[in-house]
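S.K.: Can you read through this structure? Questions will come right after.
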Amino acid sequence: MVNILLLFLILLLLPLELKAQAPPSPYLQELLQQAITGKLHQDRYWHLLLHYRQNPFGGHTSEVDDPGFFLAPDGKTNPEAELQATLTYFFSNTLVGRSKQPAQCAFIARYHWLKEKLQFEDSKLFPHPCERFVSWLKELNPASITFIFPSAYMDNPASMFGHSFLRVDQKGQTSETNILAYTINYAAEVPPNAGIEFAYKGIFGGYKGFFSTIPYYMKVKEYRDLENRDIWEYRLNFSEKQYHRLLMHAWELGNAYFDYYFFKENCAYHILSLLEVADPKLHLTDQFHFATIPADTIRLLARHKGLVQKISYRPARSTLLKRKRETLTKKEASLVQKLIHDPQKINQFEFLQLPQNRKTFLLDFASDVLRYKGITDQDKTEDYRAKNRSILVARSQIPIPSSPFPVKPFSLSPEHGHQTFRVGGGFGWRNNEIFEEVNFRGAYHDLLDPDPGYTQDAQIALLDLRLRHYQHQNLFRVERFTFANILSLAPIDSLFASPSWKINIGMDTVKTSTCDLCSNGNANGGIGGALETQVFQREVFFLFGEMDANISGGYKKNHRVGGGVSGGVMATITPNWKWLMSAGYLYYPIGDRSHDTPLSVGQRLTIAKNFAVRATFTHHEHDNEFLAVFHGYF
Amino acid sequence: MAKKPWALVSTFFLVMGMSGMALGNPPNNGPGCGLGKLAWGDSSQKESIGGQVMMATTNGTFGSQTFGISSGTSGCTNDGKIFASEKVNVFAAINFDNLAQEMAQGEGEHLTSLATLMGIPVVQQPAFFAMTQEKYTTLVQSGESSPKAVVAAIHDAMVDHPVLAQATTSK
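If you read the protein sequences in the order shown, they are chains A and B.
Counted the way the working numbering counts, the first sequence spans residues 1 to 634.
Counted the way the working numbering counts, the second sequence spans residues 1001 to 1171.
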C-alpha cells in the first residue's frame, strides 16, 4: 500500500521536475501561489474552459480528447496541474497546441480569464500581441451570436433529429447579407467511403469531432437548397464581453478534438458548451445526461428569460414552392405546368396577356420548380437546367424587381414543441380482460403526439416501453418494447414525388390460437405513397406495401414471415384533435402459415403543450383491444 | 428535466448516422490548402468546382481543414478565413445558381451580398441590380465558362455604367 502511494507521489511530481529545469521567475511563483490560495482550479469557469466533468467516483476528466489541448501531461484529469502548467507556459514563447502558437494566444480565453482573476502585471508578464487571433477576429467582425437550427431531414438518418450551430453575425449585417457571416460548426470528421462502420463508430465515439468556421452561405445552400430543410435562427442576447469570450474559446478549440458520440456529445451538446463559456451563469450541458437532441436544446434556451432576442425563419425551397403554389389560380397553375414542360410557351397569348406582376411571379415560381427538380431528379438535371436558363432569360427581360414573398412555415418553430421524453398512464380492455398500463418513451415524436414544433408527417419513436397489469389473471408483464418505429409520409402531387416509408423493430404481445398473451419479436418495413387533402383541416392518406417477420412461441414453428398491404388516413380535425386510422391485410407463407387483418383507430386530444390524452382501438385475428392513456412530456 | 434513461439503450439498436455528420467524397484537388488557394477562377469546370466544394463542405474533412479554427501553420492554412483576394470569386462560384436566378429577378439576398462584397454602397445597389438584370444574358454566358469570368464581366459592365463606375474606381 505504501509502495503504491509512493509511486503515485512520484508520478505526481514528474511534471514538476521537468519544469524545474528552467528556473521559474519569482513572478510566476507569486501567481502560482495566488492561484492555489484562490482555488482557481476549482472555479466553474476553469472547468468550462477545459471541459472538465465530474467523475462518478470523484475527480474530474475533460471531454477534450486531443492531448495538444492540455499543457500539463495529466491535464485531462488534473485541473490544478493544468492551471499551473498554463500559467507557466504564459511566460514562454514556445509554440504549443495543434495551432502552433505561444500559449497566451493558443489558449487566449484561459489567458484573459486568469489575467482578470490574478491581475497580471503586463511589465512582469509581457502580453503577446497574438496577431493571428486579432486578424481572425477582424475577419469575423462580430456583432452578435445567432443559434441556427436546420430542422429534421428524414431522408438522411444522420439528420433525423436536426442539427445546430452558431452564426457569428457581422457588424453592419442585414437580413439580406447575413449569409456572408461565418458560422461556428461542430462536426465529426468522417473518412471517405465510410461504410457500415459509419453508424457504429458514429454512435460510440469512433470519429473525431472538430470545430470549424464554414461561411453561412454554404450552410444555407446545403440545408435550404440541396436538402430542402427549413432553417430557424435564434439571435442570442449576449453582451459584447460575452460573445467575445465565446469567440476566444472557439479559437482555443481550434486546438481540440472531441470523440464524437451521436446521442450525447454531438453538435448540439458542444454548441451549448460554447454558450456556457459566453455566460457561465447558464447551466445547459448538465441538463442532458444520455442524449442531446438539438430541438430540446432550443427549448432549453427559450426557457431562459431574455436569452433569445429574435427568431427568424428561412424556408426550405420545397416550403417556398408549396406556399407560392397556394396563391396560384387554377388557370395560373396549369400555365406554370406548361411553362415547366416547354419554356417557349411564354410566347403564347395566354401568358402574354397577364399583367407584369403575375408574369414575374409565374416565371419566378417556374424557375424555383425547375431548380428543385434539377436537384431532386438527378437523371434529368441538365434538362431542367436548360429550361431554367430559358425561363430566367425571359424573366430578365421584364425590367422590374420581384416583390418579396413572405413564407409562413407549415409547422411552428421548435420551441413550441413538446419535450421528447414521454411518460404515460392509462387503462384498457383486451379480449374481455381489464388492464392498467404505464409507459415510457425515450424519444422523440410519433404521428399522434402534439404537432406544433415538429416536422410534419415524420415519426421517430425510440425505446418505447409499456408495462401492464392484467387484473383478472393478476399478471404483470412487459407488454411492448419498441426499439425504433420510424415513419415518413410524403404526400405526392404534381410537384413532389418522394416515397413514404416506415420501419419498426421491437417486441409486442400477441394472441394466437395456442396462447393468450405471448411475447413476440417483430420486424416490419414498408414503402408506399401518400396523398394530402384539406377537407377538415388536413388529411394525409397513405398506402404501403410491407414485409413483416415475427418470432414467438405462440406460432407453429415459432415464427411467421410474410407481407401484404396496409393503408389509412391521418386526419387533423382541429389543431388539438387528430385521428389516425389504418387497416391492412398480411399473408404469412413462411413458418406458421396464416394471415392477419390488422386494424387500428386512434385519436389524440392535446390538453397543453406537454400533456395529451389518446384513445386507440386495435384489432388483429382473434384479438381486440381498447386503450385510453394520458401522456406527459418531460 | 431531460433525464432520458431509455435513450441510452437506444445506442445499441439504431443503425443510423449522426447529426452534424455527413458522408461524402473528398474533392480531387484538395482539401487542406484553404479555399483561396484552390484554383478557383480559371478552371473551366465551374460546376464541378461548385459541386466539389459543396460535397466537401458537407464532409467534415474539408470543413475542419479548410475552415478549421487556428488550424496549424503548415503554410497551407489561413485559420479558416477565406483569402480576401478570393472572397468574391469563392462566393460567386458556390452561389452561381442563386446569383443567376436573382440577377434575372433583379433582387435577392445573394445579389445583395455580392454587391456588398464588391464594395458597392447601399445607395447604388438598386442600380447594380437593374444593371445585372438588364445584362443578364451576357453576364451569365460568361458565368457558364467560369465563376471568375462572371465576376470580371460584372466588373466590366460596372465600369461602363454611369453610376456604378464610381464604385469600381473607389475600390
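C-beta atoms are modelled at their ideal positions from N, C-alpha and C, and glycine is treated no differently.
1. On the three-state DSSP scale, how would you describe F435/A?
2. Find out if the Cβ-Cβ distance for the pair I298/A, F149/A is shorter than 8 Å.
3. Which whole-angstrom value is the C-beta distance of N255/A and G97/A, which I expect to be below 8 Å?
4. Along chain B, which residues have their Cβ under 8 Å away from the Cβ of T177/A?
5. Could you check whether E539/A and V569/A sit closer than 8 Å to each other, using their CB atoms as the reference points?
6. Going along the segment 72-105 of chain A in order, which residues come within less than 9 Å of chain B, judged by CB to CB distance?
7. Roughly how many whole angstroms lie between the Cα atoms of L328/A and S498/A?
8. Mapping DSSP to helix, strand and coil, what is T533/A?
9. Given a cut-off of 8 Å on the beta-carbon distance, is the pair Q456/A and N485/A in contact?
10. Could you work out which residue in S594/A, I391/A, C267/A and R371/A is closest to G202/A when comparing CA atoms only?
11. Under 8 Å Cβ-Cβ, which residues of chain B neighbour K221/A?
12. Could you compute how far the alpha carbon of L30/A sits from the alpha carbon of F147/A?
13. Below 8 Å between beta carbons: does that hold for E80/A and L71/A?
14. Indicate the three-state DSSP secondary structure (helix, strand or coil) for P589/A in the structure shown.
15. Sorted by chain position, which residues of the same chain lie with C-beta nearer than 7 Å to F630/A's C-beta, five sequence neighbours on each side aside?
16. Hey, does W251/A have any beta-carbon neighbour from chain B nearer than 8 Å?
17. Quick one: residues in its chain with C-beta nearer than 7 Å to the C-beta of D65/A, no 5 flanking neighbours on either side, listed in chain order?
18. Applying a beta-carbon distance threshold of less than 7 Å, which residues of chain B neighbour N522/A?
19. Would you kindly work out how many angstroms separate the C-alpha atoms of I346/A and I1082/B, rounded to a whole number?
20. What residue from A490/A, L247/A, Q34/A and F126/A has the CA that sits closest to Q104/A's CA?
21. Going along chain A, which residues have a C-beta under 7 Å from I1069/B?
22. On the CB-based measure, 16 or more other CB atoms within 10 Å of its CB, does P294/A come out buried or exposed?
23. Closest Cβ-Cβ distance between M218/A and chain B: below 8 Å?
24. Using a beta-carbon distance below 8 Å, is C598/A in contact with chain B?
25. Since F147/A sits in a beta bridge, which residues does DSSP pair it with?
26. Taking 6 Å as the limit between beta carbons, can you name the residues of its chain near T1137/B, skipping five residues before and five after?
27. Using a Cβ-Cβ distance cut-off of 8 Å, determine whether I400/A contacts chain B.
28. Going by beta-carbon coordinates alone, are I145/A and N185/A separated by less than 8 Å?
29. Determine, for Q1045/B, whether the minimum Cβ-Cβ distance to residues of chain A falls below 8 Å.
30. Does the distance from the C-beta atom of Y585/A to that of T597/A stay below 8 Å?
31. Put E1107/B into one of helix, strand or coil per three-state DSSP.
32. Please confirm whether D457/A has its beta-carbon closer than 8 Å to some beta-carbon of chain B.
33. Below 8 Å on the Cβ atoms is my guess for Y526/A versus K511/A; work out the distance and round it to an integer in Å.
34. Compute the Euclidean distance between the alpha carbons of F542/A and F617/A, then round it to the nearest angstrom.
35. Whose C-alpha, out of Q34/A, N141/A, P192/A and R604/A, is nearest the C-alpha of E116/A?
36. Considering Y200/A, what are the terminal residues of the alpha helix (DSSP H) in which it resides?
M.R.: Let me spell this out:
1. strand
2. yes
3. 4 Å
4. By Cβ distance, chain B contributes E1109, T1112, S1113 and T1116.
5. yes
6. L95, G97, R98, S99, K100, Q101 and C105
7. 23 Å
8. strand
9. no
10. C267/A
11. M1054, I1094, N1095 and N1098
12. Leu is not the amino acid found at residue 30/A; the sequence shown has Glu there. Their Cα atoms are separated by approximately 41 Å.
13. no
14. strand
15. These residues qualify, in order along the chain: G424, G425, G426 and V613.
16. Yes, W251/A lies at the interface with chain B (some Cβ there is under 8 Å from its Cβ).
17. Y257, F258 and D259
18. In chain order: nothing, as chain B lies at least about 14 Å away.
19. Each residue's alpha carbon lies about 42 Å from the other.
20. Per the Cα distances, F126/A.
21. Correct list: F211, S212, T213, A250, W251, L253 and G254.
22. buried
23. yes
24. For the record, residue 598/A in the displayed sequence is Pro; it is not Cys. For P598/A, the answer is no, since every Cβ of chain B falls outside 8 Å of its Cβ.
25. L166/A and Y234/A
26. Apart from the 5 residues on each side of it in sequence, T1137/B has no Cβ closer than 6 Å to any other Cβ in its chain.
27. yes
28. Taking 8 Å as the Cβ cut-off, I145/A and N185/A do not qualify as a contacting pair.
29. At Q1045/B, the pLDDT of 37 sits below 50, so the modelled position is not reliable and the matter cannot be decided from this model.
30. yes
31. coil
32. no
33. For the record, residue 526/A in the displayed sequence is Gly; it is not Tyr. Cβ-Cβ separation between G526/A and K511/A: approximately 23 Å, too far for a contact (criterion under 8 Å).
34. 19 Å
35. Q34/A
36. E197 to I203
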